[in-house]
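First comes the structure, then the notes that go with it.
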Amino acid sequence: MARERGLGLKAHSPDGIDDNDWIFVSWSAEWTQFQTRDASRQFLRDQITRGLFSPHNIMQTRSRPPRAPLAAQACDPCRRRKIRCDTRRPQCSNCRTLAIECHYNTQRKKRGPKPRASRPDSDSIQVTLSPSDSRAPIAPDVFGDSPCFPVSEDDPISPMHHTSPAVLVEWSTRPLQVHRALNAAIDAMGLSLEQTVKECLERCMLWSFATLPLIHPSTFSRNIPLLLPSSMHRFQASTQSQPAMEDLRAFSLLTTVCALVSRRMGRGSTNIRMDALLLPFLTASRDMLYCFEDWDIDHPDSSSLVIRISQSTAYHYTGQTSRSWYLLGDALRLAMSMKLFDESSYLGINPLEAQLRRNAFATIYAGDKSASFLNGMPICYYGVYADALESDPLRWEDGFNLLDPEDPRFHPPFENRLNKGVYLSFRLWTMAAELMNYLGVAASLSAQPSYDASSPDSAKIGITQSYLSFCGILDTLPAWLRNPDGHIAESEEATSYQRSAFWQQRANLVITFHCLRILILRKASQLGLSYLFGLTDNPDMLALRKIDFASDLAAASEIIPFEALQANGEPLIEKLRQVGVTLLEIIHQCQNRAITSRARSLLHTLIEVVAGLDSRVSDGLRPPEVS
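Residue numbers (the UniProt record's numbering): 1 to 627.
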């Protein structure tokens, strides 16, 4: 019987059954159904007759380790904190120590495969909804305490009806619910959706197009009816056909452009309605993109890029930089998959589509460099595509016209001049990226034991030459960008509009240039390569040079019209903030009173400019403590 005790069996078998028979029967769950001795014997004979207790099965059974007892389920507080529970009743030791109620109210979830009846068919998708899901189907509370869209009580995907963590949502109902939610939100504001979208288009042409020429106004106007209730039937498709997907993509593009324009209105503006439109439009665009995102990745076009760029920019203007960077990364990867860095990728496609892709890629390229230089993100694009542009810049300047030449405001050569400004911005970021890359390579070479810093070589000469070319880029500006107020068009209306657009481009170019000069000098001084720019390693002299650059930026920000600075929005404010950080470093580190006094004066000027621009990102930053 020692063997049976070692296996965890009973020491004595029931009367009338020998020990070996009891070993067999003890592993059968059906043994408990028989209470009498005769029934037990008959049951055993039947099992042996069937061959269930063959010698092979007996050996396998004896070699199995004893099954561990079932673990008791932890109480709800311990489950939430993910700690071990001793399951004592009426109160476990953890709950008793914390003096909290110990209860077992949460319904335990069953593990394993789901029943066949709950599996989705080919026309449905499974959406997992949880309190932490930031991409809920309808009206997520994107901006904290902002009001959500009204949701009907009959809404099949309303959070109030969620009784399990996984809910099956028919694909055909989700776009319809997004469409209804947008219309309900605009109606709740007492606005006409059609008139509101048309006004957003006008504001886009006034504030955004000069620096972000990403839409075709005529196509945008033709697609406005997609947002209206009369087109709701187009979002009830039962199959994911290409026409249905195109409608969803157009809807997402329209709403994200409206959101992009809505953020232009500051919180101090008297037109509060425009600022309140950002939430419903941005949420509708994000939710609709979620409906066709997989198809969009497999069939990308310029709208795919513009949607993600605009959503990223809108989040940036609201101060949510993490979401902004994430969406910009989506656009970067999508542009890579489309091979927009290769000039051959533009061959054989519609000229309108090719021009939109070029403009989108220029915006993504600048955003990639901006995120790297200003926020320390890794660079995705290097100078692969820049070589093609340098060899044939006319492809950008004389591309397909996005604007209607019949409109008096857009009479030629206005759009070609706008494209010239876009190309100059692209070239500015390209030259800065090359300089940063060259500095990193030179620092790696100088770290080699055999490197002689005193000997001239082609690498150092090339860095110096590139820096001189970069410093002279503003000297190559055309007349309409050097002095926008001197530009005269055919009519007074066209003159006013075109001057405003050129001022926006000049503000972007000048502020970016001065900021990049400071960032390049900062990196060179950190790497010990400031001598390549004709400067010494003396900290006071380097600080003085940085202050000179900051002074040029402050002077430019005071000359440029405030509306042009405001139109460039959060990206421009980010550059001003970086210059302010440099001035703060000088104030804290420099011992020269004359230098620190000048830095304080310039910092005060920049703070006034940033405060007037009403930055959401600045609101989330803790003010620095300056002694």
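Note that CB positions come from ideal geometry on N, CA and C, so glycine has one too.
Item	Value
Thinking C-alpha only, which one of 310, 490, 506 and 301 is nearest residue 423?	506
What is the DSSP secondary structure of residue 661, reduced to helix, strand or coil?	This structure does not reach residue 661, given that the chain is present from 1 up to 627, and the question cannot be answered.
Under 7 Å between the Cβ atoms of residue 197 and residue 224?	yes
Whose CA, out of 373, 585 and 377, lies closest to the CA of residue 575?	373
Leaving aside the five residues before and after residue 378 along the sequence, list all residues of the same chain whose C-beta is less than 7 Å from its C-beta, in chain order.	372
How many whole angstroms separate the CB atoms of residue 438 and residue 533, which I take to be in contact at a CB cut-off of 8 Å?	Contact flag wrong, Cβ pair sits at about 12 Å.
Assuming residue 210 and residue 479 are in contact, meaning their beta carbons sit under 8 Å apart, how far apart are those beta carbons, in whole angstroms?	Contact doesn't hold; Cβ gap of about 17 Å is too wide.
Cα-Cα, which of 203, 202, 297 and 360 is closest to residue 249?	297
Under 8 Å Cβ to Cβ from residue 564, same chain only, skipping five residues before and after it: list those, please.	500, 503, 504, 506 and 507
Compute the Euclidean distance between the alpha carbons of residue 464 and residue 524, then round it to the nearest angstrom.	11 Å
Just to confirm the assignment, what range does the alpha helix (DSSP H) spanning residue 195 have?	193-207
According to DSSP, simplified to helix, strand and coil, what is residue 339?	coil
Might you give, ordered along the chain, the residues of its own chain that have their beta carbon closer than 8 Å to the beta carbon of residue 509, omitting 5 neighbours on each side?	421, 424, 425, 428, 474, 477 and 481
In the structure shown, what three-state DSSP assignment does residue 380 receive?	coil
Could you name the residues of the same chain whose beta carbon sits closer than 7 Å to that of residue 546, not counting the 5 residues immediately before and after it, in chain order?	518, 521, 582 and 586
Hey, how far is the Cα of residue 257 from the Cα of residue 200?	8 Å
Tell me whether residue 416 sits in a helix, a strand or coil according to DSSP, three-state version.	helix
Tell me where the alpha helix (DSSP H) around residue 74 begins and ends.	Per DSSP, residue 74 belongs to no alpha helix (DSSP H) and is neither H nor E.
For residue 76, which residues of its own chain have a beta-carbon under 7 Å away from its beta-carbon, when the five flanking residues on both sides are left out?	103, 104, 105 and 106
Which residues in the same chain have their Cβ closer than 6 Å to the Cβ of residue 86, if we skip the five residues on either side of it in sequence?	92 and 93
Mind checking whether residue 540 and residue 592 have CB atoms under 7 Å apart?	yes
Does residue 166 pass the burial test, meaning 16 or more other C-beta atoms within 10 Å, or should it be called exposed?	Below a pLDDT of 50, predicted positions are generally treated as unreliable, and residue 166, at 37, falls in that range; the measurement from the model is reported next regardless. By the neighbour-count rule (16 or more Cβ atoms within 10 Å), residue 166 is not buried but exposed.
For residue 433, which residues of its own chain have a beta-carbon under 6 Å away from its beta-carbon, when the five flanking residues on both sides are left out?	369
Beta-carbon within less than 6 Å of residue 164's beta-carbon, same chain only, minus the 5 sequence neighbours each way: which residues are those?	With a pLDDT of 35 at residue 164, under the threshold of 50, the modelled position of that residue is not reliable, and no figure is offered here.
Just list the alpha helix (DSSP H) runs in the segment 417-478, keeping only unbroken ones of 4 residues or longer that don't cross its boundaries, in chain order.	458-471
Is residue 29 helix, strand or coil by DSSP?	Bear in mind that the predicted position of residue 29 carries a pLDDT of just 40, short of 50, making it too unreliable to give a figure here.
Over the uninterrupted alpha helix (DSSP H) stretch that includes residue 348, give me the two end residues.	Run containing residue 348: none; DSSP gives neither H nor E here.
Confirm, please, whether the CB-CB distance from residue 596 to residue 554 is below 7 Å.	no
Specify, as a first and last residue, the run of the alpha helix (DSSP H) that residue 219 falls within.	217-222
For residue 375, does the count of other Cβ atoms within 10 angstroms reach 16, so buried, or fall short, so exposed?	exposed
Whose C-alpha, out of 194, 230, 217 and 235, is nearest the C-alpha of residue 177?	235
Between 599, 315, 566 and 542, which lies nearest to residue 278 when the distance is taken from Cα to Cα?	315
Since residue 586 is in the alpha helix (DSSP H), which residue starts that stretch and which ends it?	562-589
Alpha carbon to alpha carbon, what distance is there between residue 203 and residue 405?	19 Å
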